[in-house]
Amino acid sequence: MEVTPSGQACGATITGVDLSQPLAAETVATIRAAWLEHLVLAFPDQTLTDDDLERFTLAFGPFGEDPFIAPIPGREHVIAISRRADETAPLFAENWHTDWSFQKIPPAGTCLYGIEIPPEGGDTLYANQHAALEKMPEELRTKIEGRIAIHSAKNAYAPDGTYGEADRKTDRSMDIRPSKDAEATKAHPLIRSHPETGREAIYGCIGYSAGIEGMAQEDALALLMELYAWQTRDEFVYRHKWAAGMLVMWDNRALLHRATGGYEGHARLLHRTTIGGADRRGPLVSIDKGMVACDPEGISGRQIRRIRLPVTGQITRPCKRAFEHPIVAHPIAAAMLDQLFLMNGQDDVLAHPDPIGRHAQIYFASSRSA
Ligand SMILES: [Fe+2]
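Below is the structure:
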């Protein structure tokens with residue numbers, strides 16, 4: 010398997026792996042490490058069915074929840090990003106955003122598989138929000154430090170939103186289902202630590218971010234606009250060019266993305282799945298800097314004391330069958346995990362080891378606890 014960085018602000022191409030076949034645990038670990046480093050991974054020249062796409066997605070987490078867009082017939086977790094050659098409805102997802110950031114536990118990633126790709130145009134742009142934060146002028150950082158953004162799908166998917174009732178009268182081919190549910194709000198810090206790498210990033214942007222806690226709306230929108238101008242500067246952007254048979258996975262926790270047009274008269278079709286996020290209560294068991302910490306708080310509403318233990322010897326232990334990562338775990342952590350599996354069932358547990366095995370975090374998947 011070969012990883013070739015794009016040379017831009019993020020993004021890499023991976024060749025030498027056939028995603029139509031089940032992946033070995035080491036292959037998944039290598040891909041995950043490349044994903045966390047490059048944030049956008051492109052796998053060209055793949056021939057994938059929807060089953061293959063789903064299996065690939067599940068190697069990296071549980072399925073995320075996709076509200077407001079109907080799945081394709083016969084599938085629960087695959088949606089079609091489609092546009093007919095003669096379609097005149099406004100382009101879908103042309104504004105910068107990160108997917109479903111208005112959810113309590115937003116998706117970790119998105120997978121998108123190119124089925125019909127126009128000869129030109131239709132690039133996807135990605136803006137690296139680690140880089141945007143690292144290079145941010147101190148004056149702007151001071152303004153956003155500690156601030157909590159209020160996210161909502163209202164502007165997009167409420168009945169009076171961009172994809173609301175008026176849009177349903179257009180010739181849009183995508184099956185979008187606007188709803189009053191889009192008016193719900195969820196708060197997320199503007200600066201968040203990445204749950205797997207700990208690296209800070211700016212999270213989300215104006216659009217789904219519709220306000221800031223404790224700020225007058227006018228001031229909040231002005232600040233979100235100022236931030237947006239910084240977040241989307243060219244120096245942080247990777248322009249992704251598609252080809253049919255290409256699978257792309259990206260990290261929603263550290264990126265903004267948007268669609269572009271420029272393919273009028275050509276059809277475009279991609280199938281999409283989302284990788285669910287981890288509960289932001291944090292890892293249940295983590296191994297870091299020679300210590301293992303077990304923190305099963307909130308699993309069943311019970312508080313269990315936090316335990317920190319020195320790592321005396323690392324063992325590699327397979328993580329049951331739901332997510333077959335080799336976890337590097339302290340024997341006591343392993344015993345605790347067994348207990349957790351027993352209490353909650355295997356499918357609720359996600360393991361995210363890093364490839365060098367110094368650091369492993371084990372989360373409960375979001376789907377049932379959300
Ligand atoms: Fe998106």
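The numbering of the sequence shown is the working numbering, which starts it at 10 and goes up by one.
Every residue, glycine too, gets a C-beta built ideally from N, C-alpha and C.
Checklist entry - Hey, which unbroken runs of the beta strand (DSSP E) at 3 residues or more fall wholly within the segment 45-77? => result 49-52
Next on the checklist: For a test of the three-state rule: what should DSSP assign to A276, helix, strand or coil?
Outcome noted: coil
Checklist entry - Tell me which same chain residues have a C-beta within less than 8 Å of the C-beta of R64, skipping the five on either side of it? => result P31
Checklist entry - Should the segment 119-138 be regarded as contacting the segment 263-277, the criterion being three or more beta carbon pairs within less than 8 Å? => result yes
Checklist entry - By a C-beta neighbour count over all protein chains shown, 10 Å radius and 16 as the cutoff for buried, is K250 buried or exposed? => result exposed
Checklist entry - Secondary structure at L256, three-state DSSP: helix, strand or coil? => result strand
Checklist entry - Under a Cβ-count criterion, where at least 16 other Cβ atoms within 10 Å of its own Cβ denotes burial, should P319 be classed as buried or exposed? => result Low per-residue confidence applies at P319: pLDDT is 37, beneath 50, and the placement is therefore not dependable, though the value from the model is reported in the following sentence. Exposed, since its Cβ has fewer than 16 Cβ neighbours within 10 Å.
Next on the checklist: Can you give me the C-alpha to C-alpha distance between G286 and P115, rounded to a whole angstrom?
Outcome noted: 6 Å
Next on the checklist: Given 8 Å as the limit, tell me if A89 has its C-beta closer than that to any heavy atom belonging to ligand 1.
Outcome noted: no
Checklist entry - Which word fits K163, buried or exposed, when buried means at least 16 other C-beta atoms lie within 10 angstroms of its C-beta? => result buried
Checklist entry - Taking DSSP as the reference, what is the three-state secondary structure of L230? => result helix
Next on the checklist: For G118 and M258, what's the separation of their Cα atoms in angstroms?
Outcome noted: 7 Å
Checklist entry - In three-state DSSP terms, what is F332? => result Interpretation of F332 is limited by its pLDDT of 27, a score under 50 that renders its predicted location unreliable; no figure is taken from the coordinates.
Item to check | Chain-ordered residues, beta carbon under 7 Å from a heavy atom of ligand 1 | outcome: A102, H106, D108, T119 and H266
Checklist entry - For N137, which of helix, strand or coil comes out of DSSP? => result strand
Checklist entry - At a cut of 8 Å, does the segment 220-229 reach the segment 104-114 through at least three beta carbon pairs? => result no
Checklist entry - Which residue's Cα is closest to the Cα of L100: T171, A196 and L57? => result T171
Checklist entry - In chain order, what residues of the same chain lie with their CB nearer than 7 Å to the CB of N104, ignoring the 5 residues before and after it? => result G216 and R267
Checklist entry - Would you call L351 buried or exposed, if buried means 16 or more other Cβ atoms sit within 10 Å of its Cβ? => result Residue placement at L351 cannot be trusted, given a pLDDT of 49 that sits under 50; what the coordinates show is reported in the next sentence. Exposed: under 16 other Cβ atoms inside 10 Å.
Next on the checklist: For Y122, which residues in the same chain have their Cβ closer than 7 Å to its Cβ, ignoring the five residues on either side in sequence?
Outcome noted: L57, L62, L256, L279 and H280
Checklist entry - Helix or strand or just coil, what does DSSP make of V26? => result coil
Next on the checklist: According to DSSP, simplified to helix, strand and coil, what is I159?
Outcome noted: strand
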